[in-house]
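Q: Take a look at the following structure, please.
Protein chains: 2
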Amino acid sequence: MVKKSHMNVDRVTLADVADVAGVSIMSVSRVVNNKPGVGDETRKRILSLVKEMGYVPNSLARGLVTQETKAVGLIVPDNNNPFFAQIARGVEDEAYEQGYSIFLMNSVENTTREEHALDTLFENNIDGLISCSSRLSSKKLEEHLKHFLSVVMFNRECKAKLPNVTQINVDDEWGATVAVNYLVDQGRCTIAHISGPANSISAKRRLKGFEEALKKGGCHQNLKSNIIYDAKPTYEGGRRAMLNLLEVGHNIDAVYAFNDLVAVGVLQICKEHGIKVPDDIAIIGVDGAFIGTVVNPKLTTLKIDLAEVGRLIMQTLLRNMNKQNVTRSIMLHPELVVRGSA
Amino acid sequence: MVKKSHMNVDRVTLADVADVAGVSIMSVSRVVNNKPGVGDETRKRILSLVKEMGYVPNSLARGLVTQETKAVGLIVPDNNNPFFAQIARGVEDEAYEQGYSIFLMNSVENTTREEHALDTLFENNIDGLISCSSRLSSKKLEEHLKHFLSVVMFNRECKAKLPNVTQINVDDEWGATVAVNYLVDQGRCTIAHISGPANSISAKRRLKGFEEALKKGGCHQNLKSNIIYDAKPTYEGGRRAMLNLLEVGHNIDAVYAFNDLVAVGVLQICKEHGIKVPDDIAIIGVDGAFIGTVVNPKLTTLKIDLAEVGRLIMQTLLRNMNKQNVTRSIMLHPELVVRGSA
DNA sequence: TTGTATGCGTTATCAA
DNA sequence: TTGATAACGCATACAA
Chain A
1 MVKKSHMNVD RVTLADVADV AGVSIMSVSR VVNNKPGVGD ETRKRILSLV
51 KEMGYVPNSL ARGLVTQETK AVGLIVPDNN NPFFAQIARG VEDEAYEQGY
101 SIFLMNSVEN TTREEHALDT LFENNIDGLI SCSSRLSSKK LEEHLKHFLS
151 VVMFNRECKA KLPNVTQINV DDEWGATVAV NYLVDQGRCT IAHISGPANS
201 ISAKRRLKGF EEALKKGGCH QNLKSNIIYD AKPTYEGGRR AMLNLLEVGH
251 NIDAVYAFND LVAVGVLQIC KEHGIKVPDD IAIIGVDGAF IGTVVNPKLT
301 TLKIDLAEVG RLIMQTLLRN MNKQNVTRSI MLHPELVVRG SA
Chain B
1001 MVKKSHMNVD RVTLADVADV AGVSIMSVSR VVNNKPGVGD ETRKRILSLV
1051 KEMGYVPNSL ARGLVTQETK AVGLIVPDNN NPFFAQIARG VEDEAYEQGY
1101 SIFLMNSVEN TTREEHALDT LFENNIDGLI SCSSRLSSKK LEEHLKHFLS
1151 VVMFNRECKA KLPNVTQINV DDEWGATVAV NYLVDQGRCT IAHISGPANS
1201 ISAKRRLKGF EEALKKGGCH QNLKSNIIYD AKPTYEGGRR AMLNLLEVGH
1251 NIDAVYAFND LVAVGVLQIC KEHGIKVPDD IAIIGVDGAF IGTVVNPKLT
1301 TLKIDLAEVG RLIMQTLLRN MNKQNVTRSI MLHPELVVRG SA
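From first to last, the protein sequence lines stand for chains A and B.
When we follow this note's numbering, the leftmost residue of the first sequence carries the number 1, and every step to the right adds one.
When we follow this note's numbering, the leftmost residue of the second sequence carries the number 1001, and every step to the right adds one.
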């Protein structure tokens, strides 16, 4: 086949080096892969030739025969969302250290695109898959996941425990109880909750934890009207939800928000309405997002070190790939970071 | 070769489908690639078999012969930095629409890691490369870039205009003059500047534009002591720089900050010191970052739609790859978004 | 220690 | 309209 005319420099292949060195392809291959079976003299000569000629292995050819690409796929809803950006960074850092590359795909909360991403990653023979906050139905999801050798699913539960997938989740329910208990201990008992998107599992878990902790805390006066359902998990969403609460809510003395972005929206509305935080209303968010450290008062929040989570995800995937010490499910526990807002 | 024992399902190949269909591999290949030369009957039969058997093309094998991987490499300093996260998102969106996948790599302001990323991407036979804010020396950089068929370099200037690379830059110098002129028009003439990392080209360009605009604006009283050099481009960096200015600066009535994060730091220090913004001191940032919309007053800033920039980068790369309408250099112009702080 | 033969899954080329 | 064959670049298995 004719080389592409616009190709800058033809790639140097093992054969090229072998020719110049006057040895067989295999000797060069062995040297490149640091394998025994080559005389010291030959090895030296080949090694210097490899550098001189600028030989670089061809991953496609290598992958075709070894069935390993040293690449893993990472699907996130939105790499621009700081939550996933931090995770992605952690994943990539760990991958780099272990000699792996990352295919990044955004699913954009769109099942078509998520399925396309899965297909593309499969085509590309990735060694492992990381799927974050999948929005696919359990059926579809399982159907896809079983194609892959090794999978880590983050922030998504799936009943069927496939042998090749590890689930990693944040114990949002537990976190919610920690937040509520903290508020109750302060004597606050009319706590509002701004819940996230209806189809979000995190939202469901936080809502559940919230409701149960309230019951256990003896806050029987808490009302449905103090819960905002299906709020957008954004700054604007927080503002709108808080305005809503100010209208329909009853004697609220604290807000447990879906996440920090929402909480900051709540905080701003409070400020604009002359409501003192935390004196009149305490606010607790979730995530430990950077933005919570730049507002006044600083946000009290349920934090998780997401870069560390990213590393853990990648480490887990690698263990899974190597069939070492495989865990099926991991639960992560957030930490209540008390700053100014509660 | 023996299939890996832990492989879930052996991949279906063209040969498998061909066997079942009772045709040659080539017929299946032609159908899969939508190419002519197959009878309607046969095509139908093969097509249904392809679906039924779950055939998925193997990108490795395909890439090996076509010399095309439909993958591009994206190197950013830190995908967790919102600036690059937005760009990455734009790049990935456009890539998705055009049928390309993204290898994401963080260079972490570390030349070793950046070079490693370049090597890895080359090994993986990417069709095109996007290098953002490279920290490599011109020599090293050119050495690497010439290996690739097609490159877009963002936020980095390189004197040697290689034929296969397009440079895309933000006209920071121009932006700085816009900011300064805006302040001068308000009658502010003792403008401080918090400059970014000494090795950052953006920082240099902004500083240059700032100094020249001041001269042209007739603000001769401006002093070196009103410039903070080499500040960290972070919230903390902004706080520290502003504290510094409060000590050594002279009669400052405005601050032009390296970026929005820095500007928010400045704003917070002002608040903590009872300095009124924008009455006592006006603040202008750069980036149009989200955080600037969540502070009070909202930040006036030089904004660029980074998701759009990401799309533009990818589009440019594709044009470059196709040798269509190739541009060597593109300059982007930020827009002054006037909000509350100036 | 070194080399040869084979195959990974696909597409290009040419022949039927 | 079809199919046989070679080649892409490499590593595995085995022979010398």
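For glycine and all other residues, C-beta sits at the position ideal for the given N, C-alpha and C.
Would you check if the distance between the CB atom of F154 (chain A) and the CB atom of L129 (chain A) is smaller than 8 angstroms?
A: Taking 8 angstroms as the Cβ cut-off, F154 (chain A) and L129 (chain A) do not qualify as a contacting pair.
Q: If contacts are defined as beta-carbon pairs under 8 angstroms, then D1260 (chain B) and I1291 (chain B) qualify, I think. What distance do you get, rounded to the angstrom?
A: Yes, D1260 (chain B) and I1291 (chain B) are in contact; Cβ-Cβ is about 6 angstroms, under 8 angstroms.
Q: Would you mind reading off the limits of the alpha helix (DSSP H) that contains Q1315 (chain B)?
A: L1306 to M1321 is the span of the alpha helix (DSSP H), which, as asked, contains Q1315 (chain B).
Q: Buried or exposed, going by whether 16 or more other CB atoms sit within 10 Å of the CB of T301 (chain A)?
A: With 16 or more Cβ atoms within 10 Å of its Cβ, T301 (chain A) is classed as buried.
Q: Measure from the C-beta of V1083 (chain B) to each C-beta in chain A and report whether the shortest distance is under 8 angstroms.
A: What sits at residue 1083 (chain B) in the sequence shown is Phe, not Val. With 8 angstroms as the cut-off, F1083 (chain B) does not count as an interface residue toward chain A.
Q: With contact counted as at least three CB pairs below 8 angstroms, one residue from each stretch, are the region 1025-1040 of chain B and the region 88-101 of chain A in contact?
A: Result no; under three Cβ-Cβ pairs closer than 8 angstroms.
Q: Identify each residue in the region 108-125 of chain A for which the Cβ-Cβ distance to at least one residue of chain B is less than 9 angstroms, and report them in chain order.
A: Listed in sequence order: V108, R113, H116, A117, D119, T120, L121, F122, E123, N124 and N125.
Q: Ordered along the chain, which non-local residues of its own chain (more than five positions away) have a Cβ less than 6 angstroms from that of G73 (chain A)?
A: Excluding residues within five positions, the ones whose Cβ falls inside 6 angstroms are F103, L121, I126 and L129.
Q: Identify, in the order they occur along the chain, each residue of the same chain with its Cβ nearer than 8 angstroms to the Cβ of N1322 (chain B), setting aside the five sequence neighbours on each side.
A: Nothing meets the Cβ criterion.
Q: Kindly give me the distance between the Cβ atoms of V266 (chain A) and V255 (chain A), rounded to whole angstroms, as I take these residues to be in contact under 8 angstroms.
A: With a Cβ gap of about 5 angstroms, V266 (chain A) and V255 (chain A) count as contacting.
Q: Take the Cβ of P163 (chain A) as the centre, count every other Cβ of all protein chains shown within 10 Å, and call the residue buried at 16 or more, exposed below.
A: Exposed.
Q: In the DSSP assignment, find the beta strand (DSSP E) that holds K1303 (chain B) and state where it starts and stops.
A: Here the beta strand (DSSP E) through K1303 (chain B) covers T1300 to K1303.
Q: Determine the extent of the alpha helix (DSSP H) in which H1147 (chain B) is found, giving its start and end residues.
A: From DSSP, H1147 (chain B) is part of no alpha helix (DSSP H); its letter is neither H nor E.
Q: Does the CB of S1138 (chain B) have a neighbour CB from chain A at under 8 angstroms?
A: Closer than 8 angstroms: no.
Q: Does any C-beta atom of chain A lie closer than 8 angstroms to the C-beta of V1337 (chain B)?
A: V1337 (chain B) does not count as touching chain A.
Q: Write down the C-beta distance between S1027 (chain B) and T1042 (chain B) rounded to the nearest angstrom, noting that I regard them as a contact closer than 8 angstroms.
A: Indeed they touch by this definition, with Cβ atoms about 6 angstroms apart.
Q: Closer than 8 angstroms between beta carbons: that is the criterion. Which residues of the region 84-99 of chain A meet it against chain B?
A: Under the 8 angstroms Cβ criterion, the region 84-99 of chain A contributes A85, Q86, A88, R89, E92, D93 and Y96.
Q: Taking Cβ positions only, does Y1229 (chain B) come closer than 8 angstroms to chain A?
A: Answer no: the Cβ-Cβ gap between Y1229 (chain B) and chain A never drops below 8 angstroms.
Q: Chain B beta carbons: is any one of them nearer than 8 angstroms to that of G274 (chain A)?
A: No, no contact with chain B.
Q: What residues from chain B crowd round I291 (chain A), counting only those whose CB sits closer than 9 angstroms?
A: Within chain B, the residues near I291 (chain A) are F1290, I1291 and V1294.
Q: Once the 5 residues before and after S1029 (chain B) are set aside, which same chain residues still bring their CB inside 6 angstroms of it?
A: Cβ neighbours of S1029 (chain B) beyond the five flanking positions: L1014.
Q: L64 (chain A) CB to nearest chain B CB: under 8 angstroms?
A: Chain B, which has a Cβ nearer than 8 angstroms to the Cβ of L64 (chain A), makes this yes.
Q: Tell me, please, whether the CB atom of N353 (chain A) is closer than 8 angstroms to any CB atom in chain B?
A: For residue 353 (chain A) there is no data in the structure shown, the boundaries of chain A being 1 and 342.
Q: How would you write the range of the alpha helix (DSSP H) that E272 (chain A) sits in, first residue to last?
A: D260 to E272 is the span of the alpha helix (DSSP H), which, as asked, contains E272 (chain A).
Q: Would you verify that the beta carbon of I102 (chain A) is, or is not, closer than 8 angstroms to some beta carbon of chain B?
A: Interface residue, yes.
Q: Could you confirm whether any beta carbon from chain A is found closer than 8 angstroms to the beta carbon of V1266 (chain B)?
A: Chain A contact via Cβ: absent.
Q: Can you tell me which of the three DSSP states E1068 (chain B) falls into?
A: Looking at E1068 (chain B) - three-state DSSP - the assignment turns out to be coil, as it is neither helix nor strand.
Q: Whose CA, out of B:Q1086, B:F1258, B:T1234 and B:H1193, lies closest to the CA of H1250 (chain B)?
A: When each option's Cα is compared against that of H1250 (chain B), the closest is B:H1193.
Q: What does the alpha-carbon distance come out to for the pair R89 (chain A) and N1110 (chain B)?
A: Taking the straight line joining both Cα atoms gives about 15 angstroms.
Q: Counting only Cβ pairs nearer than 9 angstroms, list the residues of chain A close to N1325 (chain B).
A: Simply none; closest approach about 15 angstroms.
Q: Output the boundary residues of the beta strand (DSSP E) element that contains E1097 (chain B).
A: Careful: E1097 (chain B) lies outside any beta strand (DSSP E), inside the alpha helix (DSSP H) at P1082 to E1097.
Q: Can you check whether the C-beta of N1079 (chain B) is within less than 8 angstroms of a C-beta belonging to chain A?
A: At least one chain A Cβ lies under 8 angstroms of N1079 (chain B).
Q: Please return the same chain residues whose Cβ sits closer than 8 angstroms to the Cβ of H6 (chain A), not counting the five positions on each side in sequence.
A: Confidence in H6 (chain A) is poor, its pLDDT being 35 and thus under 50, which makes the residue's placement unreliable; the coordinate value appears in the next sentence. So the list is empty, once near-sequence residues are dropped.
Q: Quick check on the DSSP output: what are the complete alpha helix (DSSP H) runs of length 4 or more inside the region 1158-1244 of chain B, in order along the chain?
A: The region 1158-1244 of chain B contains these whole alpha helix (DSSP H) runs: 1172-1185 and 1201-1216.
Q: Looking at the C-beta of L60 (chain A), does it have a partner C-beta in chain B at a distance below 8 angstroms?
A: Interface residue, yes.
Q: Between the alpha carbons of I275 (chain A) and I281 (chain A), how many angstroms are there, rounded?
A: Each residue's alpha carbon lies about 7 angstroms from the other.
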